[in-house]
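Everything below concerns the one structure shown next.
Numbering (the working numbering), first residue to last: 321 to 936.
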């Protein structure tokens, strides 16, 4: 008798675990962390990677390798995430999510086993990074939808906050982790994802299951192809716009760049027209008729562009100027730049979950608006401090920027996911993921170009005067001064000694007096030389970021409140005391009617027991 009364013991990986929502949260958070860490981990470790495969990243013929190592992963993730969100709606979000873990892990293994050197080695890494990006797109597209299905509406903001902050903070954790692992071995940068990927894959297959509504139908092939070609063309054009063209510092007037950007915009316009006429589109563009959904996505992409631009500008600021001025060697600056950006990451980690919890109680609009306004204020504050700042001031400002981004991220995602019908959550999650990744990709092209525009006006003259003052021949000084500023930015970004990189191959450093050579390649000359022009560039970059944040805040306010039905909608599996879906209501009512008809003579307690069965 006693054995039959005992409830079966549930293991941690049991799909019927009583705390399934927390299992789903922990697994999807691991997936998002893994994906976003890998989006930035190569930024810091690129010098070690290129040295490992015997390739000079700053050689003019190798610039494309450098750009695609930076952009390939983010680009493919941005392009594919909407399609995988739609597939999740059709065939099951957990199925697509699990497949993403598998592909991502396979990619990590292949990356760590690169058998080639030089250009072939770089191509191997780029192709497998693209493959890994496909897996990341599957994770991005469905993790948010899985959480939205698993959590009741009054706890959803907290769950989405934790997941969203993992997605944002992972990009900064990757900077620190990449710096630490690159010191050990460049392959360790990729190997670290292998055990995490294996554990996450096994865990997701054994613990996650479908609890959401599916939206069956055929895959929208024309829509997927148009979106893939259009967004790829647009982002590729923006990526190559960074490279100089002819006598210009950037490539925005390059016919191929213009053609790619204009062609991408045209294809995306055709995509919109086609999707509005299809019965089962890849993405329900009519969801944008919902003002909360449309305004939240607009604010999301503006915030993503500003956040991505901040990340790259702060890395260059630290690595190219501040750290050398404070005695750090150029070779060590990538690692220390990640460490000195810890306040930014801490701000994310603290405010993200807290803002999610508060948004469950007080609503999303006020917190998201305040977060963007705080971010805008920190962009202005960064302009007011000197280039050679006191670190505690820098730490406070970047911490507050992290807090602002965290305050915005969770409520914004909760607004997006709460403004769509349950059977469209995969598509909505995919669009939100596309915006996050497209914003990061756009930020590189936009803010690098803005910085180059700021440097182009004053850096050549400052470079020419500084070099000739240390006995560099005028002709050689002119040649170096006329090199596009993007070369200096890439050198600083990758932890190279800029002057040694630019003048070393010419032999001039050995021909001039030793004291001048030591000064030119020391830790003070280039940072002091570039400080003024760099600040000119920062003014343009951070004013643009502040304006984007303010526009995003206005859009958030204009979005209004979410519809009550959207906010409270849950899936049938969540109908324990919260049965707001029509299907759950009808099923429950039908069961009660049958129970009363067949068992009218039973006691009231037996009726209650019978009626509680569907909720178990």
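By construction, the Cβ of each residue, glycine as well, lies at the ideal position given by its N, Cα and C atoms.
Classification of residue i by the beta-carbon crowding that lies within 10 angstroms, buried from 16 upward
i           : result
residue 267 : The first residue shown for the chain is 321 and the last is 936, placing residue 267 beyond what the model contains.
residue 392 : buried
residue 468 : buried
residue 899 : Reliability fails at residue 899, whose pLDDT of 34 lies under 50, so the model's placement of it is uncertain and the value that follows must be treated cautiously. Buried is the call here.
residue 711 : exposed
residue 341 : buried
residue 371 : exposed
residue 399 : buried
residue 519 : exposed
residue 901 : Confidence at residue 901 is low in this model, with a pLDDT of 32, below 50, so the placement of that residue should be treated as unreliable; the coordinate-derived value is given next. Residue 901 comes out buried.
residue 810 : buried
residue 573 : exposed
residue 835 : exposed
residue 436 : exposed
residue 825 : exposed
residue 649 : exposed
Span separating the alpha-carbon of residue i from that of residue j
i           : j           : result
residue 773 : residue 665 : 29 angstroms
residue 629 : residue 859 : 13 angstroms
residue 374 : residue 555 : 29 angstroms
residue 890 : residue 587 : Confidence at residue 890 is low in this model, with a pLDDT of 39, below 50, so the placement of that residue should be treated as unreliable; the coordinate-derived value is given next. The alpha-carbon atoms of residue 890 and residue 587 are separated by roughly 36 angstroms.
residue 613 : residue 877 : 12 angstroms
residue 344 : residue 856 : 47 angstroms
residue 732 : residue 803 : 43 angstroms
residue 760 : residue 513 : 22 angstroms
residue 311 : residue 433 : Summary: the structure shown does not reach residue 311, with the chain confined to residues 321 through 936, and so no result is reported for it.
residue 800 : residue 562 : 19 angstroms
residue 585 : residue 769 : 20 angstroms
residue 726 : residue 671 : 5 angstroms
residue 838 : residue 849 : 15 angstroms
residue 617 : residue 721 : 20 angstroms
residue 964 : residue 706 : Look at the range of the chain in this structure, 321 to 936, and you will see that residue 964 is not part of it.
residue 624 : residue 757 : 8 angstroms
residue 752 : residue 620 : 8 angstroms
Range of the contiguous alpha helix (DSSP H) that encloses residue i
i           : result
residue 513 : 513-527
residue 415 : 413-432
residue 341 : 340-372
residue 617 : 611-637
residue 830 : 828-831
residue 837 : 834-840
residue 733 : 711-738
residue 820 : 818-823
residue 439 : 438-470
residue 845 : 845-878
residue 547 : 541-560
residue 595 : 575-595
residue 674 : 662-682
residue 505 : First-last for residue 505: undefined, no H or E at that position.
residue 787 : 779-788
residue 652 : Element bounds for residue 652: n/a, residue is neither H nor E.
residue 699 : 685-704
Same chain, Cβ closer than 6 angstroms to residue i, neighbours up to 5 away in sequence not counted
i           : result
residue 339 : none
residue 696 : 866, 869, 870
residue 457 : 397, 400, 401, 404
Residues near residue i in its chain [Cβ-Cβ closer than 7 angstroms; skip 5 each side]
i           : result
residue 558 : 581, 762, 765
residue 368 : 502, 506
residue 525 : 418
residue 678 : 687
residue 783 : 800, 801, 849
residue 791 : 832, 833, 836
residue 448 : 427, 430, 431
Cβ shell of residue i (< 8 angstroms), same chain only, five flanking positions each side left out
i           : result
residue 659 : 496, 499
residue 882 : Only weak support exists for where residue 882 lies, its pLDDT of 49 falling under 50; the value from the coordinates is given anyway. Excluding positions up to five away in sequence, the list reads 612, 684, 735, 738, 739.
residue 387 : 559, 560, 562, 563
residue 442 : 370, 373, 375, 382, 385, 389
residue 596 : 605, 606
Residue i versus the options, residue with shortest Cα-Cα distance
i           : options            : result
residue 395 : 588, 754, 589      : 754
residue 453 : 475, 519, 351, 542 : 351
residue 601 : 863, 402, 583      : 402
residue 411 : 376, 462, 429      : 462
residue 472 : 680, 649, 825      : 680
residue 529 : 509, 649, 786, 465 : 465
residue 594 : 788, 742, 875, 547 : 547
residue 515 : 551, 427, 778      : 427
residue 645 : 851, 693, 668, 446 : 851
residue 362 : 544, 510, 643, 704 : 510
residue 490 : 662, 847, 863      : 662
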